[in-house]
Amino acid sequence: MEPTGAEGGHPGTALGLDQGHTEGEGGMPERFANPGLPPHVSRSADLGEHAARRAERQVAALFGISMVATVIFLVAYFAIDQNTYRFVPGIGQANLSNIVLGVTLGLSLLCIGLGAVHWAKTLMPDTEVTEARHPQRSSDDARAEAVETIMAGGDATQLARRPLIRYMLGGALGLFALPLGLQVAGSLGPLPHAELSTTFWRKGMRLVRDPELSPIKASDVTIGSVFNVMPEGIDKSHDVLEEKGKAAVLLMRLNPDDIKIAKERDWGHDGIVAYSKICTHVGCPVGLYEQQTHHLLCPCHQSTFDVTEDCKVIFGPAHRPLPQLKITVDAEGYLVADSAFREAVGPSFWERG
Amino acid sequence: MSNAATPKGAAGLRAKDAKPSSAKGSGLAGWVDDRTGAAKPVSYLLKKVFPDHWSFMLGEIAMFSLIILLLTGTFLTFWFVPSAGQVIYNGSYVPLKGIAMSEAFKSTVDISFEVRGGLIIRQIHHWAALMFTVSITVHMFRVFFTGAFRKPREINWVIGTVLSLLAINEGFTGYSLPDDLLSGTGLRAAEGFMQSVPVVGSYLAYFVFGGAFPGEAIIPRLYTTHVLLLPALIVGLFTAHIVLVAVHKHTQYPGPGKTNDNVVGYPMMPVYMAKAGGFFFIVFGITTLMAALVTINPIWLYGPYNPSAVTAGAQPDWYMGFADGALRLFPGFFEFHVFGFTLSLNVFIPSLVVMPLLYGIAGAYPFIESWVTGDKREHHLLDRPRNAPARTGLGVMAISFYLILFFAAGNDLMAIKLGLSINDITRAFQILLIVVPPLAYWVTKRFCMSLQRHDRDLVLHGRETGRIVRTAEGAFFEVHQPLPEHQRWALVQHQSEKPLELTATVDANGVRRPGAFKERLRGKVSSFYFADSVDPVTPAELAAAHHDGSAHEAIEAPQEDAGQGWVGQLHGGAEERPETDAYAPHEHQHDHDHEVDPDSTTAR
């Protein structure tokens, strides 16, 4: 197609390159034509037997390395003790068996792959082949036939003529899954009842260190210290982990003057306060206590609670303060709970109120 | 695969490599064909053509990772004990001696220290799981940005989206199984997510965990989910995914000789048998080398799960990072107390709504786009991402949103490593989450359009050769070499979409037409997509750019300048090179018998 159109005449029509499609008036096509497949470019292995031989040797060598690596694996499996540790440059002390087995297995696999791909790229045909596509849609005849088959089949069942069967079948099919669904849903677990709202703590229980389970004297708790605390006797409980997951408490001593909330001071003992360790966000243990700022930080999602302000949330995704455990001292000077937790600990749930 | 069919397929490709075919079909292959009639489908399959491109390997990595996972996972079941029963450890790893732990944790430690080669299998399994989820994600990006989800492949896109969602949940159930301190904390959080469900949360949590957290039911239940339920779903959907790829025939990038009606590439036998088969071994080999040299999930360092303990810097596996990040960024004031009930949206939305929502939008995208464009044609030629600026922009916008959530899950590590305030980092992420995605859209779209203009420029003016020519008059210009026809085609083959015309909202009688609002919305979205589309160069434009006499079609140089000759027109100089092939008009000669309009297919 020759570019013609010189006969037209609007001088001075200046267009920016980005100003889109400009209609030509000559005999030029509106679009470029697909030039067809580019000419095949021969590879060195196609042209000379020397290059092909070299490629063959490379492929064979890769397969050879694979076999050698496999043999080393087999030997190393028996020869290297499972718990031998050696210094490996770049890694440090490392499990020798794991490294030798892994590297030999890896090389054994990798070299098979590299060999096969190299073989395909150098020696196998690289002339592109064209295959025709066809629309996904079936022909109209095929569609009509399918519809006809389905309709004829439907007629043959007489469902339309016999509504009694139709409704009863619908009812039976609609109901049969219910027993199966009920069985699995009904038997998966017990109802929670009040379990999420109660903990192992009872009035008069001693506070014991976790995990040593030794009781704590008020005088042991110096200002600035923090204790992981469990209720006494939790190790004798029927469900130790489940109870620990709710009863975990952090015990801290602050200067009583630093405590800004009267309730917090009243529920503590001489600046010693006890708070649930279970985050009110999604239940991670609130593991980090910043002694200087009296902040508690949950390492999972960084909810931050201010111990001087009754553990209210000062940052992060949690909403509710950590529940406080009311404590006092018994006759021997050990810290005891003065009451159970008065609200549910841990993450929020609908009926916690 | 039957051997008898093999030479048949290869014969046409390279006669000298083909062995004489046993036409009678005797031997084992004949025996099988007598009973199954497999020769025809097998030879069809072996002759099937697949186009070649590196980006098509991303899905293959996912496929091969799945095979590696099934293989190594089966091995692990031989030694893993899915039980929360408490035992005292007395194995060869000294630091844990005498410590109470679940049988699940103990058996995982035993796989790592007592079972010969057990650690390498465990580490291959975990690394392959990360490869699986990464490759699925990147494969999804490839499909999105090239428009491979368009008709007829919408169903396969939806299947792929579901597969991706299943894969990350399969990963979560897997890394929760060892019952170590890190994954146990993850399960504790998962229990918190369930509790946050409005109305039925506490019941849901008690049903899933078989009672109070942690309980003894969750490990066996996770195990069944991880080794039976989810793998069965994944393998089933994956099979459907692959069958549909074969039915549709693979998409191909636009290029010379490639049309919407053909597929250009190499046949299954022998080329893809060797390339894809070999690639399986490459993926397996590299995964194994990673497992050999890089420790992953050293649960013996974390210790057994204890509900009152926690590790600092607790991060999930990468694919759960975005959900964890969402949880960290969502402000606490979304918890409400109404009528004596607690509505904990600060947990419920980021943990249980964000993930299905993101995947739901992804799954719905092909249908949204086809509604906007009104395009009901089949598309087998891929879009270059720059040629669909709005779609590419939206994709990058989604990725930026995802990545900000992802990086927000590392806010604590950033605070420690960079010595910054965790509060500032979190606040910054909250702001970035709102500000960056629209910005990413805008920048990407502009970037695409700029690349399109660059393509136009390249087609119109050719490549700069760096060769400066001095004319007899003493003027200088640089010689530009026009693109060869085969290279040019990739830059001019596409058709740019135009926004839909807004139709009148009232009919001839002034009555509001039904559905007018929908039409208006569609018109608006369409113009959002295509209002500023850049067209590919047409033959006429190219001719004009070459100053070959089509003066009225001049593009760059206003005609008034023509009197000054080519001075200042550094792109030109054709007049000075009468003998060179490049700028002469014959460049545009085509054999129009072969012209194929890539978009005029289908829908008979």
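Heads up: the sequence lines are chains A and B, in that order.
Just so it is clear: in the first sequence, position 94 is 94 by the working numbering, and no numbers are missing.
For any residue, its number in the working numbering is found by taking its place in the second sequence, counting from 1, and adding 353.
Even glycine gets a Cβ: it sits at the ideal position worked out from N, Cα and C.
Helix, strand or coil at residue i [DSSP, three-state]
{"i": "arginine 820(B)", "result": "strand"}
{"i": "serine 401(B)", "result": "In the sequence under discussion, the amino acid at residue 401(B) is lysine, which differs from the serine named in the question. Coil."}
{"i": "tyrosine 334(A)", "result": "strand"}
{"i": "alanine 248(A)", "result": "coil"}
{"i": "glycine 524(B)", "result": "helix"}
{"i": "alanine 884(B)", "result": "coil"}
{"i": "lysine 770(B)", "result": "helix"}
{"i": "glycine 471(B)", "result": "helix"}
{"i": "serine 379(B)", "result": "coil"}
{"i": "tyrosine 936(B)", "result": "Because tyrosine 936(B) sits at a pLDDT of 41, beneath the cut-off of 50, its placement in the model cannot be relied upon, and the point is left open."}
{"i": "asparagine 764(B)", "result": "helix"}
{"i": "isoleucine 652(B)", "result": "helix"}
{"i": "methionine 230(A)", "result": "strand"}
{"i": "glutamine 834(B)", "result": "strand"}
{"i": "arginine 206(A)", "result": "strand"}
{"i": "arginine 511(B)", "result": "Here residue 511(B) turns out to be valine, not arginine, going by the sequence shown. Correct three-state label for valine 511(B): helix."}
{"i": "proline 620(B)", "result": "strand"}
{"i": "arginine 865(B)", "result": "strand"}
{"i": "glutamine 605(B)", "result": "strand"}
{"i": "serine 851(B)", "result": "It should be pointed out that residue 851(B) corresponds to lysine in this sequence rather than to serine. Of the three classes helix, strand and coil, the one that applies to lysine 851(B) here is coil, per DSSP."}
{"i": "phenylalanine 738(B)", "result": "The residue asked about is misnamed: residue 738(B) is proline in this sequence, not phenylalanine. Proline 738(B) falls in the helix class under three-state DSSP."}
{"i": "histidine 294(A)", "result": "coil"}
{"i": "tyrosine 167(A)", "result": "helix"}
Status (buried if at least 16 other CB within 10 Å, exposed otherwise) for residue i
{"i": "aspartate 722(B)", "result": "Reading the sequence as shown, one finds glutamate at residue 722(B) and not aspartate. That one is buried."}
{"i": "alanine 910(B)", "result": "For alanine 910(B), the predicted structure reports a pLDDT of 37, less than 50, and the residue's modelled location is therefore unreliable. The matter cannot be settled from this model."}
{"i": "glutamate 30(A)", "result": "exposed"}
{"i": "tyrosine 576(B)", "result": "buried"}
{"i": "alanine 927(B)", "result": "Annotation note: pLDDT 45 at alanine 927(B) (below 50); position unreliable, no value reported."}
{"i": "histidine 50(A)", "result": "exposed"}
{"i": "arginine 156(A)", "result": "It is alanine, not arginine, that sits at residue 156(A) in the sequence shown. It counts as exposed."}
{"i": "glutamine 183(A)", "result": "exposed"}
{"i": "glutamate 290(A)", "result": "exposed"}
{"i": "leucine 682(B)", "result": "buried"}
{"i": "arginine 873(B)", "result": "exposed"}
Amino acids of chain B, ordered along the chain, whose beta-carbon sits closer than 7 Å to that of residue i
{"i": "proline 35(A)", "result": "Pro609, Glu838, His839 and Trp842"}
{"i": "tryptophan 119(A)", "result": "Ala627"}
{"i": "methionine 28(A)", "result": "Pro892, Ala893 and Ala896"}
Extent of the continuous alpha helix (DSSP H) run through residue i
{"i": "tyrosine 658(B)", "result": "Element bounds for tyrosine 658(B): n/a, residue is neither H nor E."}
{"i": "leucine 557(B)", "result": "554-562"}
Chain-ordered neighbours of residue i on chain A, where CB pairs are closer than 7 Å
{"i": "threonine 612(B)", "result": "Asn34"}
Cross-chain neighbours of residue i in chain B, by beta carbon under 8 Å
{"i": "tyrosine 77(A)", "result": "Arg469 and Gly470"}
{"i": "threonine 130(A)", "result": "Val402, Gly610, Asn615, Val616 and Val617"}
{"i": "valine 147(A)", "result": "Simply none; closest approach about 18 Å."}
Start-to-end residues for the beta strand (DSSP E) that takes in residue i
{"i": "serine 436(B)", "result": "Careful: serine 436(B) lies outside any beta strand (DSSP E) and carries neither H nor E."}
{"i": "serine 697(B)", "result": "694-697"}
{"i": "threonine 130(A)", "result": "129-132"}
{"i": "serine 455(B)", "result": "453-455"}
{"i": "tyrosine 77(A)", "result": "Tyrosine 77(A) -> not in any beta strand (DSSP E); alpha helix (DSSP H) instead, spanning 49-79."}
{"i": "valine 282(A)", "result": "That residue, valine 282(A), is in no beta strand (DSSP E); it is neither H nor E in DSSP."}
{"i": "arginine 265(A)", "result": "It is not in any beta strand (DSSP E) - arginine 265(A) instead sits in the alpha helix (DSSP H) that spans 262-267."}
{"i": "lysine 312(A)", "result": "312-315"}
{"i": "asparagine 98(A)", "result": "Looking at the DSSP string, asparagine 98(A) is not in any beta strand (DSSP E); the run it does join, the alpha helix (DSSP H), is 96-122."}
{"i": "arginine 541(B)", "result": "Run containing arginine 541(B): none in the beta strand (DSSP E); it sits in the alpha helix (DSSP H), 534-548."}
{"i": "phenylalanine 305(A)", "result": "304-306"}
Where residue i meets chain A, residues with beta-carbon distance less than 8 Å
{"i": "glycine 383(B)", "result": "None at all; the shortest Cβ gap to chain A is about 27 Å."}
{"i": "glutamate 688(B)", "result": "His319, Arg320 and Ser348"}
{"i": "threonine 526(B)", "result": "Near threonine 526(B) there are no residues of chain A at all, since even the closest Cβ is about 16 Å away, more than 8 Å."}
The ligand MN heavy atom lying under 7 Å from the CB of residue i
{"i": "aspartate 258(A)", "result": "The ligand MN is not among the ligands present in this structure, which contains no ligands whatsoever."}
Against chain B: residues of the segment 340-351 of chain A by CB proximity under 8 Å: Gly346, Pro347, Ser348, Phe349, Trp350 and Glu351
Residues within the segment 83-96 of chain A neighbouring chain B, beta-carbon criterion of under 7 Å: Asn83, Ile91 and Asn95
Where the segment 306-321 of chain A meets chain B: residues whose CB sits under 8 Å from a CB there: Val313, Phe315, Gly316, Pro317, Ala318, His319 and Arg320
Interface residues of the segment 225-248 of chain A facing chain B [CB-CB below 9 Å]: Asn228, Met230, Asp239, Val240, Leu241, Glu242, Glu243, Lys244, Gly245, Lys246, Ala247 and Ala248
Short-range partners of chain B found in the segment 282-305 of chain A, where Cβ spacing is below 9 Å: Val282, Gly283, Cys284, Pro285, Val286, Gly287, Leu288, Leu297, Cys298, Pro299, Cys300, His301, Gln302, Ser303 and Thr304
Under 8 Å (Cβ pairs) to chain B, residues found in the segment 172-201 of chain A: Ala185, Leu188, Gly189, Pro190, Leu191, Pro192, Glu195 and Leu196
Residues of the segment 554-576 of chain B with Cβ closer than 8 Å to any Cβ of chain A, in chain order: Gly554, Ser555, Tyr556, Ala558, Tyr559, Phe560, Val561, Phe562, Gly563, Gly564, Ala565, Phe566, Pro567, Gly568 and Ala570
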